[in-house]
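Notes to accompany the following structure.
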Amino acid sequence: MTTITRDHCLALDQADTLANLRNEFKLPAGTIYLDGNSLGAMPRSSQTRALEVITQEWGNDLIKSWNLAGWFDLPSRLGNLLAPLIGAADNEVVVTDSTSVNLFKALAAGLQIQADKAETAQRKVIVTERSNFPTDIYMAEGLTRWLDRGYILRLVDTPQELATAIDADTALVMLTHVNYRNGYLHDMQAITQHAHQQGALILWDLAHSAGALPVSLNEAGADFAVGCTYKYLNGGPGSPAFIWVAPRHQQAFQHPLSGWWGHASPFAMQPSFEGTPGIRRALCGTQPIVSLAMVECGLEIFAKTSMQALRQKSLALTDLFIQLVEQRCTQHPLELVTPRKHAQRGSQVSFHHQHGYAIMQSLIARGVIGDYREPGIMRFGFTPLYVGFADVWDAVEILRDILDTKDYALNATRHAVT
Ligand SMILES: *Cc1c(COP(=O)(O)O)cnc(C)c1O
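According to numbering that gives the first Met the number 0, the sequence shown holds residues 0 to 417 in order.
Okay, structure coming up:
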């Protein structure tokens, strides 16, 4: 295998047609940001937009802005902007609430749809992965405990087990498209098809795939989806999440958080709930408008490219990172936990090292920002919108130096957020 040099990486940056998209973001000098899978970088336009929302729309136009500035329609308008990135169409997505809350709504509505059909009413199993992001499991636990109708969670340990775990007892399958810890990418089409053959419905969590790779919800025939906007979509810290409901389920979509924003005529102030037809029924109440408005700045950048082009660069970046770590850190016990196969890899690379936390703290101190997840996993996210090939080289060079010189404190105190 040829040895890669920094010049080789610089040449890749020269040839990269997406390289200029980095100018859309404000990134601090001297930082290689490999954590866009956890909190996306700040679009330059977010600064101006935030000021405009606060000073003009709120400060000056006050309550008139609900109509004048389109605040009331924002969840739908942003949903329509986001839809093409996840293979959905107009009026199928709203941006609202958090991913955790949207999981609750979609799980509740999905279980109800199954309970209302004679053929599936007896099904009590929700299938998910033990390695799913904890909040997904916790929300399902909380909902089923509260429903008290005998639902149980079936946690599988490997993706291969899904084939048998999804069976005639399964009401609903809840999976995260790309695993947050090791970056494993599921075959959405095949698993959705299998779930449907077994009579189950499927809810996909796109937290690590929306904005990271092409997603085709309608083509795959999925039933429900949720996801974050503050990760690869660069919406800002804690920006509202999204929820998608397949058009065929919208009429039957009923969730228990039936707040007034999901009402057919919210300003008729009726004493009883009547859900609005369509995706706005997934809304609950008044949204954090300042934060919601920031989501548009992140989404607008995607109009300058395509998910196919981003995917191509993302795979080239993660391939390069894996190759360089394996070429330059050979003396060290780093174990790749991310699949090598493109078809099974998201936009992150994770390596295990027993001192992963301490090493990551050293990397961050030297300007290479990734993050750490138990047990021993160093995560490196590659956002093709603003990460370049020389960045990959430089990050690996710093990692190699930290490992060679053992420049990490084994007794590093844990921060609250790792
Ligand atoms: C990041 C992430 C979440 C976050 O949920 P919040 O409600 O925004 O805290 C949920 N699920 C998955 C799979 C995630 O990766």
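For glycine and all other residues, C-beta sits at the position ideal for the given N, C-alpha and C.
| Query | Result |
| --- | --- |
| Could you name each continuous alpha helix (DSSP H) segment of 4 residues or more that falls completely within the region 48-76, going from the start of the chain to the end? | 64-67 |
| Would you check if the distance between the CB atom of serine 305 and the CB atom of glycine 235 is smaller than 8 Å? | no |
| Under the criterion of a Cβ to heavy atom distance below 7 Å, does histidine 254 qualify as lining ligand 1? | no |
| According to the Cβ coordinates, are alanine 389 and leucine 9 closer than 8 Å? | yes |
| Are the beta-carbon atoms of glycine 345 and leucine 205 separated by less than 8 Å? | no |
| Name the residue from Lys116, Gln249, Leu298, Val94 whose alpha carbon lies nearest to the alpha carbon of phenylalanine 24. | Leu298 |
| For tyrosine 32, I'd like the list of residues in its chain whose CB is within less than 8 Å of its CB, leaving aside the five on either flank, ordered along the chain. | Leu26, Ala40, Ile368, Thr382, Tyr385, Val386 |
| Report the residue from Asn217, Lys123, Phe252, Ser99 whose alpha carbon sits nearest the alpha carbon of valine 172. | Lys123 |
| Where does aspartate 96 fall in DSSP's three states? | coil |
| Check tyrosine 356 in the structure and name its three-state DSSP category. | helix |
| Below 8 Å CB to CB, which residues in the same chain sit around glycine 258 once its five sequence neighbours on both sides are set aside? | Leu282, Cys283, Gly284 |
| If you count every other CB in all the chains shown that lies within 10 Å of the CB of aspartate 115, and 16 or more means buried, which is it? | exposed |
| Within the chosen definition, does the region 5-19 reach the region 189-201 through at least 3 CB pairs nearer than 8 Å? | no |
| Taking three-plus beta-carbon pairs below 8 Å as touching, is the region 127-141 in contact with the region 268-275? | no |
| If distances are taken between C-alpha atoms only, which option among Lys303, Gly366, Gln326 comes closest to leucine 17? | Lys303 |
| On a Cα-Cα basis, can you pick out the residue from Asn181, Pro374, Thr163, Gly109 that is closest to tyrosine 150? | Gly109 |
| Quick check: is any heavy atom of ligand 1 less than 7 Å from the C-beta of serine 169? | The amino acid occupying residue 169 in the given sequence is threonine; serine does not appear at that position. No, the Cβ of threonine 169 stays beyond 7 Å of every heavy atom of ligand 1. |
| Should alanine 105 and isoleucine 278 be called a contact, given that it needs their Cβ atoms to be closer than 8 Å? | no |
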